[in-house]
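Structure record follows, encoded as structure tokens.
Protein chains in written order, with the working numbering: chain S, 10 to 313; chain G, -2 to 438.
Here it is as structure tokens:
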């Protein structure tokens, strides 16, 4: 993202043979075709069939699986929950990441130690992150939960209360992603010339003003990239968090789309519906990403 | 997309596995199971005992993950024509397996291999869960349990109550009083339950000889519909809800971890869960005495029916060689011997599946020393199962349990009335049942 902007001129290399470059990228293409395109295509095909798990009776039913999905009010509710969850997770993860990066960038002592520590959570798998937060916030054995209940007197119960559960999965999902965002933000900040901020400081701009008028606009490519990545992350990779923390409950209030795909397909063995759901999910992500590139990217300044 | 990737992985894995083993000498029987850690070791010991007992066959066991993962591995393998001989499948997958067209029913297998099995010697409430409508056994029961009621004897004493009977169940009316006394004596909560659909609706219905779904709970046809919006179940759910007001009942989560934690922390005096929880509680509870009692029943039910089982059974896949099937039959019979069943029961807490094994344990005084274990067997065996209490045979049962969980949670958190929730559960489940029916027609 950031590398090519700083390279002053572009070197070009040519291959003698016309075919050599294609042969060189062949392994990569084969892997991509086998492990990404082929399963995706399979998903598309399955979505048009009604079939039993053992594949003994398969019937081509056009778009009946999709129609059934959109007739189901709970599926639409799940779409809504997914958007709420993704937006909350992305906003929380990005703002915390940005805040921490700004602070770490200003740190005078132990800069590298602080940075390393802040990157650690990214190495934790989402499922483990879920478990850790569950240990903190579970109403019967969570340490923080007991504090919230006993000291603050708040009736905290994510097992029964849908919004409490949502808060818990958003925290667990965002926590992990903060580190990822932090790394990119801090890299972005280091590429901002010191002279700019210093000049602004001499002109009497406050730290806040400097941040909003200089740092943030110059970080906009990073911010844009991270928004796309965070949304994709919260759509797909948060599966582990949901699976370990709430299993989509209570009352389906944290049942995000990707978890429903798993529930219906892998656990419930309804391959047709599950494939249709993953196609919908894929389409949603494509639309969101295209929209972001079309409208948001225009406001991004790639050159400093 | 996720699923397809797993398919590929499973397929590749099976390829490797089979290429390696195809040249070995004795006839190999592959058994894929879901028995983890301690239970897995017990299964391995049983396999070893079989392999040592004869030289013609060699059983190779493979742990394939939890129940979902094992079933999916089996499906992927069958689709790739590399299926194992025996696959362990949990009880809710029974209908899917029966209709799969991929299995060799156990009763047929035993007949074809000239094994004369006296099925009357088996625990009928266990067998009936895996039988078709004509009473033919489709799969071999392996690990079976049933829900019972655990209670904290110390908290009972503090509230001025003694131990409960291990034979005669208390009534739900008495439960109301018991939980009331517990709460009054200063215990944080009365009753929690694990697996609410299984314990409070499926088993509650069976014990009171109340249909869970039409067409004999689905045994008599795919056109079955849920009927849990009946007055009996509705009344039960309403009662539990009314107990929530002063925490005589409270909700601890869908599975067992949450409710068990509440019981261990003494936040709840009573805890309903599978009988196979005995071992776990023995390990976890150090600071209070607890005991086991049968599940409560309604006052009008003078002769309560059997409870129903949970657990898994062993399915035999089609398209293997005849001599291999002889080995499969021999292995299944070996597992049902007294020696194996007694060992299995003692080590895991799951039921012995034959009456012989049960009697033999009884004669050896095992239940005098371990009275807790017997509560479940007695509750399961107290009546001959009726066409209503023999089990449930529903397609998309996993989804249906999820639906019931979701709807009940909305009752517990005041989003819905009990009437509305049960109506919605029935409606949503019937949509699933129709989709399932359409798949096979």
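Virtual Cβ for every residue (Gly too), placed ideally from N, Cα, C.
Keep in mind that this is a model prediction, so the values were computed, not measured.
The beta-carbon separation of residue 166 of chain G and residue 294 of chain G, rounded to 5 Å, stays under the 8 Å limit for a contact.
Within a 10 Å sphere around the beta-carbon of residue 129 of chain S sit fewer than 16 other beta-carbons, which makes this residue exposed.
For residue 149 of chain G, there is no enclosing alpha helix (DSSP H); the enclosing beta strand (DSSP E) covers residues 144 to 149.
The beta-carbon of residue 60 of chain S is placed less than 8 Å from the nearest beta-carbon of chain G. Straight across, the Cα-Cα distance linking residue 147 of chain G with residue 266 of chain G is about 8 Å.
Listed along the chain, the chain S residues whose CB falls inside 9 Å of the CB of residue 93 of chain G are 61, 62, 63 and 278.
When DSSP states are grouped into helix, strand and coil, residue 82 of chain S belongs to the helix group. For the options S/176, S/127 and S/183, the alpha carbon positioned closest to that of residue 138 of chain S is the one of S/183. At a cut-off of 8 Å between beta carbons, residue 390 of chain G makes no contact with chain S.
A direct Cα-Cα distance of roughly 11 Å separates residue 237 of chain G from residue 187 of chain G. In the structure shown, residue 128 of chain G adopts extended strand secondary structure according to DSSP, grouped into three states. Unbroken alpha helix (DSSP H) stretches of 4 residues or longer found wholly inside the region 187 to 224 of chain S: 203 to 211 and 216 to 219, given in chain order. For residue 191 of chain G, same chain residues with a beta-carbon under 6 Å away, outside a window of 5 residues either side, are 253, 256 and 270 in chain order. For residue 66 of chain S, the chain G residues whose Cβ falls inside 7 Å of its Cβ are 436 and 437, in order along the chain.
Between the C-alpha atoms of residue 176 of chain G and residue 244 of chain G there is a straight-line separation of about 9 Å. Residue 169 of chain S belongs to the set of residues whose beta carbon lies under 8 Å from a beta carbon in chain G. Exposed is the label assigned to residue 218 of chain S, since fewer than 16 other Cβ atoms lie within 10 Å of its Cβ.
Under the Cβ criterion (8 Å, minimum of three pairs), the region 158 to 175 of chain S does not count as touching the region 185 to 193 of chain S. Closer than 8 Å to the CB of residue 149 of chain G there is not a single CB belonging to chain S. Checking the DSSP bridge columns, you'll see residue 308 of chain G partnered with G/141. The beta-carbon of residue 284 of chain G is placed no less than 8 Å from the nearest beta-carbon of chain S. When DSSP states are grouped into helix, strand and coil, residue 251 of chain S belongs to the helix group. Here DSSP, grouped into helix, strand and coil, assigns residue 278 of chain S to coil. Taking 4 residues as the minimum length, the alpha helix (DSSP H) runs contained wholly in the region 309 to 354 of chain G are 319 to 332 and 335 to 345, in order along the chain.
In the DSSP assignment, residue 188 of chain G falls within the unbroken beta strand (DSSP E) covering 186 to 190. When CB distances to chain G are screened at a threshold of 7 Å, the residues of the region 139 to 160 of chain S falling below it are 149 and 150, in chain order. In its chain, beyond the 5 residues on either side, no residue has a beta carbon closer than 7 Å to the beta carbon of residue 34 of chain S. Taking 8 Å as the Cβ-Cβ cut-off, the region 49 to 80 of chain G approaches chain S at 65, 68, 69, 72, 75 and 76, given in chain order.
For residue 165 of chain S, the three-state secondary structure derived from DSSP is coil. Restricted to the region 18 to 65 of chain S, the beta strand (DSSP E) segments that are unbroken, complete and at least 3 residues in length are 58 to 60, listed in chain order. Your pair residue 345 of chain G and residue 33 of chain G does not check out as a contact, with CB atoms roughly 11 Å apart and the cut at 8 Å.
When CB distances to chain G are screened at a threshold of 7 Å, not a single residue of the region 180 to 204 of chain S falls below it.
Per the DSSP secondary-structure output, residue 289 of chain G pairs in a beta bridge with G/147.
Judged by their CB atoms, residue 309 of chain G and residue 335 of chain G are not nearer to each other than the 8 Å cut-off.
Residue 393 of chain G carries a coil assignment under DSSP once its states are collapsed to helix, strand and coil.
Around residue 246 of chain S, the same chain offers 135 as residues with beta carbons nearer than 7 Å, after the five sequence neighbours per side are excluded.
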